[in-house]
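**Q** Before anything else, here's the structure in question.
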Amino acid sequence: MHSSDQRAVALSGSDVPGAHELLVHSCEDCACPPSGGSAVRTAAGLPAGPLVRAREIVECPVDGEHTALFNPDGNGGVLIVNRAAHALLELFSTPREIGALAADESAEAAARHLFSHDLLHPAGAPPDPRFAESRQLTAWLHVTNKCNLKCPYCYVSKSDEGMTRDTGRDSVDALVRSAVRNGFSALRLKYAGGEASLNADVLLDLHQYARGRCDAAGLTLSAVLLSNGVAINRRLAAALTEHGIGVMISLDGIGEAHDAQRPTVGGHRSSHLVVRTIGRLLEAGVRPHISITITSRNVDAIGPVVRFALERDLTFSFNFFRDNDCSAAVADLRFEEQAMLAGLESAFAEIEENLPRWSVLGCVLDRGQLLAPRRRACGVGDDYVVIDQRGQIAKCHMEISDTIGDVRTTDPVLAVRTDPRGIRNLLVEDKQGCRDCTWRHWCSGGCAAATFRATGRFDVRSPNCAIYRTIYPQAVRLEGLRLLKYAAR
Ligand code: SF4
Ligand code: SF4
């Protein structure tokens with residue numbers, strides 16, 4: 001798209017080659033939001049009758065010629081338009097037929113893009129957000145309670161106890177049984193802990209077992225190892241590749257910035273070990289996803305770790321520190337709002353400098369996203385089950401000791417859906433302050449555990465609300481820049 005374009009030009013994610021593979025969801029260390037739905041929308045045919053511009057459009061100027069557009073009441077997807085296409089959109093401020101415009105090929109193509117992104121809609125019929133029903137059951141399998149790091153923000157009260165093969169297999173049986181009984185078509189396993197790689201033999205055994213059980217039950221299986229990246233040797237890296245297990249590595253900064261919040265149990269630095277592991281994984285053909293947890297200790301050092309990931313073409317996501325019982329005594333982790341915004345601004349500047357092909361809409365907004373509308377921030381209490389090393393069931397990994405049953409006796413999905421205690425994952429409409437928010441279908445009111453911790457209530461908006469509201473438009477702008485760089489015209 002050049003500034004000299006007089007033609008109306010509108011580009012979306014579907015114009016980037018390989019569009020669907022370029023959507024990154026930052027759900028790896030949390031309950032994934034309902035699957036289904038996508039920000040990749042292909043330009044649809046235009047309906048008969050008058051069209052009108054959507055009422056509430058977020059407009060983010062990208063440069064002197066281009067604007068990124070997003071309809072928060074629609075079904076997702078950012079569109080980048082040049083001035084001519086923007087003027088075309090404004091023509092529809094009052095309802096009008098596409099009529100004579102249809103003779104102009106570029107205007108007609110731009111109108112189709114505007115329509116498919118819910119920026120234009122039939123007069124009197126504004127778009128209805130389509131909330132995807134989850135088809136995937138996600139389970140956190142706590143394969144060990146042991147860890148080789150001592151991160152001050154960790155919510156797990158550690159011990160040396162690992163999951164046995166028998167408990168692992170019982171857990172898989174219960175999950176498969178429960179997935180089938182409750183109509184799921186896919187199972188996603190998150191091998192976690194503690195440090196899951198410290199119980200690698202059991203992990204690999206139960207993955208193989210899960211493969212057989214899922215095949216027999218007609219369930220699609222996917223899995224990811226959530227690791228601190230310290231102890232993954234070449235043998236395990238090769239096994240992960242062989243079994244098709246994805247990897248998420250926690251890296252909170254480069255050098256000191258990481259070591260300040262992820263020391264070993266002996267109090268030594270760990271960043272060099274993590275970087276070595278990332279190299280090993282790449283050699284073995286695994287591209288790890290990088291999880292960056294932001295606290296007050298590393299908030300001004302996120303830029304370099306973002307650059308590290310971008311230079312290696314690794315996807316990454318941001319997680320804001322969440323207060324918990326284990327970290328309560330550590331006073332210097334809670335971030336200030338302004339410091340977080342400044343830190344994110346520097347990270348966004350790095351992204352702008354070195355724009356990836358993949359979309360950041362699903363991973364730079366903490367638990368929020370801009371990929372598909374949803375009414376809850378995560379699947380807690382619905383399609384997410386946590387199983388600890390003893391086979392006890394919990395609703396959320398941050399409340400793993402708040403158990404509500406046992407894999408040997410319970411249908412885990414039924415247990416998390418019907419237990420009246422603990423975390424309540426309310427619809428965003430039921431959260432005070434969120435009902436009329438522009439971003440309600442994209443933020444969904446934030447993490448229920450973090451909100452309760454900060455306010456003692458589940459029915460109010462996130463303590464990070466002001467941060468979210470500030471960074472959402474910035475993410476729309478970044479997506480506009482990505483489209484300008486990579487979309488085929
Ligand atoms: S927490 Fe804030 S940004 Fe999120 S939906 Fe509620 S009001 Fe909107
Ligand atoms: S309640 Fe919060 S911590 Fe728990 S899975 Fe949901 S987003 Fe993650």
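Residue numbers (the UniProt record's numbering): 1 to 489. A virtual CB, placed ideally from N, CA and C, is assigned to each residue, including glycine. The structure displayed is predicted, hence computed values, not measured ones.
1) Which residues in the same chain have their Cβ closer than 6 angstroms to the Cβ of V428, if we skip the five residues on either side of it in sequence?
2) What whole-angstrom Cβ distance do L189 and A210 have, given they're in contact under 8 angstroms?
3) Give the range of the beta strand (DSSP E) segment to which S159 is assigned.
4) For A8, which three-state DSSP category applies?
5) Throw me the rounded Cβ distance for the V385 and L137 pair, which I believe falls under 8 angstroms.
6) According to DSSP, what are the bridge partners of T264?
7) Where does T451 fall in DSSP's three states?
8) Compare the C-alpha of G64 against each of E336, L481, A179 and R165 and name the closest.
9) What residues in its chain sit with their C-beta under 6 angstroms from that of S3, if we drop five residues either side in the sequence?
10) In the DSSP output, what is F316 paired with across the bridge?
11) What residue from K158, E90, S93 and P463 has the CA that sits closest to S401's CA?
12) Between C154 and ligand 2, is there a pair consisting of the residue's CB and a ligand heavy atom that are separated by less than 7 angstroms?
13) Would you say M398 touches ligand 2, meaning its beta carbon is less than 7 angstroms from a heavy atom?
14) For D160, is the classification buried or exposed, using 16 other Cβ atoms within 10 angstroms of its Cβ as the cut-off for buried?
15) For the beta strand (DSSP E) containing K190, list its first residue and its last residue.
16) Closer than 7 angstroms by C-beta to T67: which residues in its own chain qualify, once you throw out the five before and the five after it? Chain order, please.
17) Quick check on DSSP: helix, strand or coil for Q392?
18) Looking at N324 and D366, is the spacing between their C-beta atoms short of 8 angstroms?
19) Could you spell out the range, first to last residue, of the alpha helix (DSSP H) harbouring R53?
20) Based on Cα-Cα distance, which residue from G266, H258 and M248 lies nearest to L281?
21) Which same chain residues, not among the five before or five after V9, have their C-beta less than 8 angstroms away from its C-beta?
**A** Inspection of the coordinates gives the following:
1) R375, C434, R440, S444 and G445
2) 6 angstroms
3) No beta strand (DSSP E) contains S159, which DSSP labels as neither H nor E.
4) coil
5) 7 angstroms
6) L149
7) helix
8) L481
9) Low confidence applies to S3: its pLDDT is 47, below 50, so where it sits in the model is not reliable, and the reading given next is rough at best. If we look at S3 and ignore the five residues flanking it on each side, its Cβ neighbours are E65.
10) I290
11) K158
12) no
13) yes
14) exposed
15) A186 to A192
16) E59, C60, P61, V81 and H86
17) strand
18) no
19) Per DSSP, R53 belongs to no alpha helix (DSSP H); it is in the beta strand (DSSP E), L51 to R53.
20) M248
21) M1, V81, N82, A84, A85, S106, A110 and R489
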